[in-house]
Structures are given as structure tokens and as C-alpha cells.
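Down below is the structure, laid out as C-alpha cells.
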Amino acid sequence: MLYGRGVLNLAPKSLPGYVFPKDGLSRLLLLRRTLNNWVSVARKLKFEGGRAQPLTLIFKNGEEFNARNPRKAYLMVNYYAMARLWGVSPEIGVISRISQDIESKLNKAVSDGLLTTNTREGSLFSVLAAFLVIRVLKPRLVVETGVAQGISTYYFLKALELNGAGRLVSVDHPNRDPAGYSYDGKVDTVYVPEKLSPGWLVPDSLRGRWELRLGRSSEILPTLDFEVDMFHHDSEHSYQNMMFEYEWALQHLVGGGVLSSDDVTWNGAFTDFVGRHHGELRVLINDWSTGMIQKAPGK
Ligand SMILES: C[S@@+](CC[C@H](N)C(=O)[O-])C[C@H]1O[C@@H](n2cnc3c(N)ncnc32)[C@H](O)[C@@H]1O
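Heads up: the sequence shown begins at 636 in this note's numbering, then just goes up one per residue.
Put into C-alpha cells, the structure is as follows:
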């Protein structure tokens, strides 16, 4: 398939970095800046150790989000702030509808006995950050590794649909064993049930912009010989595989293109990669298990 050059290289937009507030006061100021009901949310969050209760967020733009627990609430508050920082609408309604659809499909798969564990949206911050990048930069071609049930795939395809342009190529080597698979001495418990295909969460209406390549990223990526506007890693989080994918991405990204990665805290690959290439990129996010860099324009 031919993709041509990305749209980014016309006028790459330089994105500011986003840092999660670290101390109690900065977190409180973040809530006040983003929420109309920040006082009651602050009480319920209590930051360290808020009880696992659902809570409603009423954002400054009037949009509401029902968060399942304080962790997701705080994640959404940061997502909103990041969207504002990057000058794009947070589209809370869109996020909320996708999130509910995913939740109900996962719950059904569990009650139908297809999934033994309900894969929650654990990686959601990296996915939402990448969703925003797609909405801001309007990439022509996005490549992601690691599909599983298809949470990231769903969000990315929705962002492309909203853009009215662009394609997503996903690479997945689905693990079918409910006991998980291991690397670097760790067990990764994500699996795709035999009766389901990778990306089964993605609605048919979004699949027109999608191409799924099955196989290990180390085998598939070298066969993709085109420029990429955005790359997202969420496959095998071994040091070796992450470094391989980051290097492949940097080589294939257009100037101003973005590489995002989930689970950067699993090992030192992201830090080492950034150190190795510090003259060629800027770090946008290195927090909440999410790593994101923007390749320097013209590199
Ligand atoms: C964490 S899950 C992906 C979750 C997905 N991004 C989401 O948001 O729902 C990781 C997926 O990558 C697959 N995988 C593992 N090793 C891989 C490899 N070397 N190449 C490609 N995919 C791999 C796993 O089997 C699993 O389907």
C-alpha cells in the first residue's frame, strides 16, 4: 500500500511538554483550573488514597465525565489540561462515549466467559495523549504496535475519523494464553481470547481507515518502508523490543512527527533512547507510564 508523505511536513507544529503536577497544592490548582466542581472533587480525591468510588467531573467548558474511580478522574483532569495546553478541544463527550462502549463490551465478554480478566483501560493516559496528538497534528499515517482487544486502536481510529483523513497501520502478535507470556523476567498478562480477533472492540464503522498486520513488530516493521507521522508503542515491553521499535520509529518519522509509548517505567529503554538522541527530539511527556517525544523538524 502507498501512503505518500505525511501531512505534518507541510507545517510541523511544535507541541509544549506536559508535566503532571507533583505536590498537593499544584494538584489543587490544577483541579481549580479545569473543573467547575473542583471543591467537591478535591474532597473525594483526597489525592493519596481516595476511595474507589465513582465521581462526576464538570469541566470548565461545561462538559461532564463520569469517572469510575479517583484514578481515572485524575487522569481525565490531566487529559483536559493537556488538551488546553495543546490548543485543541478535549472532546470529553467523544472520550466518554468510547470509554462507555469499551467498558460495556469488556464487561459483556467477561460475563459471556470469553475473557477471564476484564482488561480495564489501564494504559489510558498514553492512549488519550496519542488521541490528542492525532487531533492536533492531523497525521496522514499512524503506526501502532500492540492491539490486543483494541482500546488504543479504537481511540486512534476515532481521532482519524474526526480529522476526516489519515490511516492507521497496527501491528500485533496476539498472545492467546490466559496465563500470559514472559520476557525480561516479567509476566505480561494481556491475552486475546481464541474466539475473538485482535481489535475486536473496534466498531465496524471505523475500520475503513485501518490495516492490521499480524506478526512480531521485529518482523513486520522492517517491511513497512514509508514515512510515518506518528508512532505508538504498546507491544512487548522488553528493553530490546522497545529500543528496536523506538529506533525504527525515529528513523521513519517525518520531522515534527511524534513517538508515544506506553509502559515506559518497565525498564530504562525510553530514558536511554532519549539520552542517545537528545539532539534530534524533544520530550513532551515522561510521566504516568507514558513517554512521548517529538522529532525535531528537518531531522
Ligand atoms: C498491552 S497489549 C496492547 C494493548 C492495546 N494497545 C490497547 O490499548 O488495548 C500488547 C499486545 O501486543 C502483543 N505483542 C506482544 N509482543 C509483540 C511483538 N513482539 N510484536 C507485536 N505485538 C506483540 C500482545 O500479544 C498484545 O496483544
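The beta carbon of each residue, even a glycine, is placed where N, CA and C say it ideally should be.
How would you label residue i, buried or exposed, when you count the other beta carbons within 10 angstroms and need 16 or more for buried?
| i | result |
| --- | --- |
| Ala783 | buried |
| Ala884 | buried |
| Lys743 | exposed |
| Leu660 | exposed |
| Asn627 | Not covered by the structure: residue 627. The range shown for the chain is 636 to 934. |
| Ile920 | buried |
| Arg770 | buried |
| Val822 | exposed |
| Lys773 | buried |
| Glu880 | buried |
| Pro857 | exposed |
| Leu849 | exposed |
| Gly834 | buried |
| Gly785 | buried |
Enumerate in chain order the residues of its own chain whose CB-to-CB distance from residue i is below 8 angstroms, with the five nearest sequence positions on each side excluded.
| i | result |
| --- | --- |
| Leu666 | Trp673, Val676, Ala677, Leu680 and Val712 |
| Gly728 | Glu698 |
| Arg844 | Leu792, Leu795, Glu796, Gly801, Arg802 and Leu803 |
| Tyr714 | Pro725, Ile730, Phe760, Leu763, Ala764 and Leu767 |
| Lys830 | Leu749 |
| Met878 | Ala904, Asp907 and Phe908 |
Among residues of its own chain, excluding the 5 on either side of residue i, which ones have a beta-carbon nearer than 6 angstroms to its beta-carbon?
| i | result |
| --- | --- |
| Met717 | Tyr653 |
| Arg917 | Gln929 |
| Trp901 | His872 |
| Leu859 | none |
| Ser870 | Thr780, Gly781 and Ser852 |
| Asp922 | Phe655 |
| Ser935 | An answer regarding residue 935 cannot be provided, because it is not within the stretch 636 to 934 covered by the chain. |
In whole angstroms, what separates the C-alpha of residue i from that of residue j?
| i | j | result |
| --- | --- | --- |
| Glu698 | Glu726 | 8 angstroms |
| His808 | Pro689 | 35 angstroms |
| Val899 | Val909 | 12 angstroms |
| Asp839 | Ala814 | 29 angstroms |
| Ser733 | Ala800 | Residue 733 is actually Ile in this sequence, not Ser. Looking at the two C-alpha atoms, the distance is approximately 19 angstroms. |
| Phe760 | Gly926 | 10 angstroms |
| Leu650 | Asp747 | 43 angstroms |
| Asp736 | Ser852 | 28 angstroms |
| Ala708 | Phe694 | 11 angstroms |
| Ser787 | Val837 | 9 angstroms |
| Arg802 | Arg719 | 25 angstroms |
| Thr752 | Val745 | 7 angstroms |
| Ala904 | Leu670 | 36 angstroms |
| Ser731 | Ser739 | 12 angstroms |
| Lys657 | Ala702 | 21 angstroms |
| Phe700 | Leu710 | 11 angstroms |
| Leu888 | Leu692 | 36 angstroms |
| Pro828 | Ile855 | 22 angstroms |
| Met636 | Leu841 | Residue placement at Met636 cannot be trusted, given a pLDDT of 41 that sits under 50; the coordinates are not used to answer. |
| Glu985 | Leu664 | Nothing in the structure corresponds to residue 985, since the chain is present only between 636 and 934. |
| Gly641 | Ala687 | Note on Gly641: pLDDT 49, under 50, position unreliable in the model; no value is reported. |
| Ser832 | Asn696 | 38 angstroms |
Can you find the residues in the same chain that come closer than 7 angstroms, C-beta to C-beta, to residue i, ignoring five residues on each side of it along the sequence?
| i | result |
| --- | --- |
| His912 | Leu885 |
| Tyr826 | Asn810, Arg811, Asp812, Pro813 and Gly815 |
Determine the extent of the alpha helix (DSSP H) in which residue i is found, giving its start and end residues.
| i | result |
| --- | --- |
| Leu831 | That residue, Leu831, is in no alpha helix (DSSP H); it is neither H nor E in DSSP. |
| Gln929 | Per DSSP, Gln929 belongs to no alpha helix (DSSP H); it is in the beta strand (DSSP E), Thr925 to Lys930. |
| Trp883 | Tyr874 to His887 |
| Arg662 | Gly659 to Thr669 |
| Arg706 | Pro705 to Leu720 |
| Asn742 | Ile727 to Ser746 |
| Asp823 | Unbroken run through Asp823 is the beta strand (DSSP E), Lys821 to Asp823; no alpha helix (DSSP H). |
| Arg686 | It is not in any alpha helix (DSSP H) - Arg686 carries neither H nor E in the DSSP assignment. |
Please tell me whether, using a cut-off of 7 angstroms, the distance from the CB of residue i to the nearest non-hydrogen atom of ligand 3 is below it.
| i | result |
| --- | --- |
| Val899 | Ligand 3 is not part of this structure, which contains only ligand 1. |
Taking the beta strand (DSSP E) that residue i falls in, what are its first and last residues?
| i | result |
| --- | --- |
| Phe866 | Val863 to His868 |
| Tyr816 | Tyr816 to Tyr818 |
For this session: Decide if the segment 791-799 is in contact with the segment 812-820; the criterion is three or more beta carbon pairs, one per stretch, under 8 angstroms apart.
Result: no
Exercise. Does the segment 890-898 touch the segment 757-777, meaning 3 or more C-beta pairs lie closer than 8 angstroms?
Worked result: Yes, the segment 757-777 touches the segment 890-898.
Exercise. Three or more C-beta pairs closer than 8 angstroms, one from the segment 859-874 and one from the segment 772-783: is that the case here?
Worked result: yes
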